[in-house]
Each structure stands twice: as C-alpha cells, then as structure tokens.
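Following the working numbering, the numbering of the sequence shown begins with 42 at its first residue and continues without gaps. Notes follow the structure.
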Amino acid sequence: MNDWYSACAEAAQQIRDSIPDYYRSRSFPGILGDIKALPPKKALSLFTRKKGLGKQYAYLYLTSGIDNGMGYQACAAEALKYTHGTGIIHGNLLDVGCAVGVTAGVFGIEKATGFDLFPDLLKAAKLTDAITGAHHHYTVADMTQPWPFQCRFDTVFCGLVCHHLKNQSDIRTFFNNANRVMDSGGTLVITLPSGAIATVSQLTQLSDALECFGFRIESRLTGMVVSTDSPVSLFWMFVIIARKISDKTGYDFVHPGFGFQDFRTPVTREEKGAKARVTATKKRQVKHAQFSMITIQDMKEKCSEAPLVYDTIHRCFQQH
Ligand SMILES: C[S@@+](CC[C@H](N)C(=O)[O-])C[C@H]1O[C@@H](n2cnc3c(N)ncnc32)[C@H](O)[C@@H]1O
Numbered sequence: 042m043n044d045w046y047s048a049c050a051e052a053a054q055q056i057r058d059s060i061p062d063y064y065r066s067r068s069f070p071g072i073l074g075d076i077k078a079l080p081p082k083k084a085l086s087l088f089t090r091k092k093g094l095g096k097q098y099a100y101l102y103l104t105s106g107i108d109n110g111m112g113y114q115a116c117a118a119e120a121l122k123y124t125h126g127t128g129i130i131h132g133n134l135l136d137v138g139c140a141v142g143v144t145a146g147v148f149g150i151e152k153a154t155g156f157d158l159f160p161d162l163l164k165a166a167k168l169t170d171a172i173t174g175a176h177h178h179y180t181v182a183d184m185t186q187p188w189p190f191q192c193r194f195d196t197v198f199c200g201l202v203c204h205h206l207k208n209q210s211d212i213r214t215f216f217n218n219a220n221r222v223m224d225s226g227g228t229l230v231i232t233l234p235s236g237a238i239a240t241v242s243q244l245t246q247l248s249d250a251l252e253c254f255g256f257r258i259e260s261r262l263t264g265m266v267v268s269t270d271s272p273v274s275l276f277w278m279f280v281i282i283a284r285k286i287s288d289k290t291g292y293d294f295v296h297p298g299f300g301f302q303d304f305r306t307p308v309t310r311e312e313k314g315a316k317a318r319v320t321a322t323k324k325r326q327v328k329h330a331q332f333s334m335i336t337i338q339d340m341k342e343k344c345s346e347a348p349l350v351y352d353t354i355h356r357c358f359q360q361h
C-alpha cells in the first residue's frame, strides 16, 4: 500500500463521525447512480439540500471507491499506469472530475490541479493531502460549463467521468474546454468504465468526434485495458488517448450518434454478460496486478459488433 492509500483510510476515519446517521446507510453504487441520473446542476442542488450526503459520498469514495486499489476507481488508474506507463501523464496535469484526487494519488504525482462538481470530495482530497504532505490545487467546477482556468496544461485527464454526460452538447463543451486549456502537443487521456461503451462502433464514433476538436487519436494507445491475472474477477475499461494538434475546432462533421445518451448502468443478465453476474457478488480479496491493452483496431477485428459484455471481452481476450 502506498502512502496515499493509507492516507485515504485515515482521512475516511476522520470524516466518518461527522456523517449524519440518516445517510450512513447510503451505498456507493446508489449515490453514483443518483448522480448519473441527474443533470449536473440538479445533482449539485440535491447534495446542497441534503446536507451530510456529500460526506457519506466522500467517505464511501475513500473506502469502497478506492478500497486499497481493489475498488474500480483506483484499479482503473492502476491499469492505465501498468499498460501505458507513468509517462502518459507529463508536465502540468489537470484532472477533470478528480473526486478525492484519485489520479494524482494512484500515479504518485506531486503537484496537480483537479476539479470536481462536489465540494465534499475535494475537502476529502485536501484532508488526504494534509496527511501525505502533497500540494495539489483543487477547485469546485462543472465540466459542462466554461472551465475556470487561464493557464495551460500539458495533460488533461478525465478518468471515468465522461459517461456522466448525457447531452452531446456537454461532451462538445468538454472537448472544447480541454482543447482551450492545452498547448499543442498536450495529451488528453479519457478512461471509461466497462458498460459505458456498448460496441466497438460507439468507441470509434467517440474517437472520431474528438478528431473534429483539434485532437489526433493515438491509435496504438486507444482501445480497451483488460486484467490478465484473474479471469474470475475480470476487470476492463476503455481508454482514449489523444494529442492536441490544433486550436481549431469544427464539430459540424461529428457523427450525430456519438455520446452516452443511451447509457445507464447495466442491470440485466444480458446486459452484463452471464459470467459477470456470478462473479460480481464475490468480493475481490486481492488487487489486480497485471493488465493488457487491446487496441481499437484489434477490437474491431476480434469483437466486431458483439455487445461489449463479460463474455465478449473474455473471448476477445483469449484470442489476443
Ligand atoms: C466515477 S467518478 C471518477 C472519479 C475519478 N476521476 C477516478 O478516476 O476515480 C466520476 C467523478 O466525476 C465527477 N463529476 C460528475 N459530473 C461532473 C461534472 N459535471 N463536473 C465535474 N465533475 C463531475 C463526480 O463527482 C465523480 O467524482
């Protein structure tokens, strides 16, 4: 466990006593589900009205969300570090939807800027920094509005956040904002959880759309990251890496179907894949330690248009 994970555990204990009894039974998937179901302004207003809910969210993030690297959020950053190397994040980093400072924490970055919609998450991030001695800068902001930064960043990281955006116009705002705060040559990193992308074409449409906003996709680094150490608890996520090549954006050419307007967390057996249902109930005891990258080109050949659920990924991975 690195210092950041133990600092998260310590910060969680500090927050625990201040959570009103009423919200203590709220679960992590339940709170995330509420956030995903609402537009950003409404989600923020819900947390403003329900005082104390944000504390439970922050507490759950530091415990279940991170879970010493076994939780999905931390595992995703670990997976990216494993397959793409720490060099993928270079220079001045902006972490979009940083939650409790997950990217900087898992990658061991000394100084980063992060923003999130929910102030309680950022308070938890600051509490964790006070324990580790890190000096990150956090701001409350909505990624679907103009971003409050005048400076330029070398890396813009958006980990497991984009699928929250239901309106295409919000995704366009995100791409435009990302372009505006970066210098040419800068890197945009987007990760998406399993379930966020239904087919390879959907991933292709999203990558193609990004190319209309002054970015060029790094096709060798874009595709799917899959765990290789435990087929019993297979982990996978999607990753898009793009280089900024121009200030010019011209989204008139974007495919009209790109985005996450149909996204909702998979619930039925068919949506998740048969095997996932069996394994999801078992709590993982060990951290995933090894991952493999399947490029978007390989995905096109191996997965074709099959729904990207456990069974497809497992088969695709075995052929890899
Ligand atoms: C699933 S979490 C991922 C957090 C973190 N990036 C990680 O890798 O673990 C999604 C994050 O996006 C934030 N978020 C959702 N909508 C947002 C918005 N419109 N603007 C800023 N942050 C947002 C949530 O508060 C949450 O922290």
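C-beta: ideal position from N, C-alpha, C; glycine also. All of these numbers come straight from a predicted model, not from anything done at the bench.
Could you compute how far the alpha carbon of residue i sits from the alpha carbon of residue j?
i	j	result
Arg356	Gln114	24 Å
Ala237	Leu163	25 Å
Lys96	Lys341	42 Å
Thr228	Phe198	8 Å
Gly149	Thr290	33 Å
Asp161	Arg65	15 Å
Phe156	Ala250	24 Å
Ser86	Asp136	23 Å
Lys91	Ala171	27 Å
Asn218	Gly128	23 Å
Ser274	Tyr102	21 Å
Asp44	Val147	10 Å
Glu252	Leu262	15 Å
Phe88	Leu233	24 Å
Met265	Thr245	12 Å
Gln186	Gln359	42 Å
Asp108	Ala50	9 Å
His131	Ala347	35 Å
Phe190	Lys122	26 Å
Arg221	Asp288	7 Å
Leu79	Asp211	13 Å
Val230	Arg67	31 Å
Met42	Ala165	Residue confidence for Met42 is low, a pLDDT of 43 falling below 50, so the modelled location carries little weight; the figure read from the coordinates is stated next. Met42 and Ala165: Cα-Cα distance of roughly 19 Å.
Trp188	Gln243	27 Å
Val280	Phe216	15 Å
Ile335	Asp58	44 Å
Arg213	Ala53	35 Å
Pro297	Thr124	32 Å
Locate the alpha helix (DSSP H) running through residue i, then write down its first and last residues.
i	result
Gly74	Phe69 to Ala78
Val241	Val241 to Glu252
Val147	Val143 to Phe148
Ile337	Ile337 to Cys344
Asp44	Asp44 to Arg57
Since residue i contacts residue j with CB under 8 Å, what's their CB separation in whole angstroms?
i	j	result
Met278	Ser345	Rounded, the Cβ-Cβ distance is 20 Å, inconsistent with contact.
Val267	Ile337	Between Ile337 and Val267 the Cβ distance is about 14 Å, and since that is not below 8 Å, they are no contact.
His178	Ala145	The Cβ separation is near 10 Å, so there is no contact.
Val141	Thr169	6 Å
Ser105	Phe69	4 Å
Ala120	Phe299	That belief does not hold up - the Cβ atoms of Ala120 and Phe299 are roughly 24 Å apart, past 8 Å.
Met184	Gly138	6 Å
Gly200	Val241	Their Cβ separation, rounded to whole angstroms, is 21 Å, which puts Gly200 and Val241 out of contact at 8 Å.
Ala118	Glu151	Going by Cβ atoms, the distance from Ala118 to Glu151 rounds to 16 Å, so no, they are not a contact pair.
Ile72	Ala84	Not really, about 10 Å apart at Cβ, beyond 8 Å.
For the beta strand (DSSP E) containing residue i, name the first residue and the last one.
i	result
Ile282	Trp277 to Lys285
Lys257	First, the residue type needs correcting, since residue 257 is Arg and not Lys in the sequence shown. Per DSSP, Arg257 belongs to the beta strand (DSSP E) from Phe256 to Ile258.
Ser268	Gly264 to Ser268
Val137	Leu134 to Val137
Phe156	Thr154 to Asp157
Within its chain, find whatever has a CB closer than 7 Å to the CB of residue i; leave out the 5 residues flanking it on each side and keep chain order.
i	result
Leu259	It should be noted that the sequence gives Glu, not Leu, for residue 259. Once the five neighbours on either side are set aside, the close Cβ partners of Glu259 are Ile282, Ala283 and Arg284.
Ile286	Ser225, Gly255, Phe256 and Arg257
Cys116	Gly110, Phe276 and His329
Thr173	Asp44, Trp45 and Ala48
Gln55	Leu168
Pro81	Leu158, Asp183 and Thr185
Thr269	Gln331, Phe332 and Ser333
Ala239	Pro348 and Leu349
Ser271	His329
Gly112	Ser105 and Gly106
Give me, in chain order, the residues of the same chain whose beta-carbon lies closer than 8 Å to that of residue i; leave out the 5 immediate sequence neighbours on both sides.
i	result
Asn133	Thr154, Cys192, Arg193, Phe194, Asp195 and Thr196
Val319	Its pLDDT being 43, under 50, Val319 is placed unreliably in this model, and the value from its coordinates should be taken loosely. Contacts found: none.
Ile60	Gly93, Lys96, Gln97 and Tyr100
Tyr63	Gly93
Val181	Phe156, Asp157, Leu158, Phe159, Pro160 and Leu163
Val327	Met111 and Ser271
Leaving out the 5 sequence neighbours to the left and right, which residues in its chain are closer than 6 Å to residue i when beta-carbon positions are compared?
i	result
Gln209	Gly300
Leu247	Phe299
His204	Leu233, Ala237, Phe301 and Phe304
Asp339	none
As an exercise, report each continuous beta strand (DSSP E) stretch of at least 3 residues that is fully enclosed by the stretch 174-228, in chain order.
178-181 and 194-200
Taking only runs that begin and end inside the stretch 83-116, name each unbroken alpha helix (DSSP H) of 4 or more residues, in chain order.
94-101
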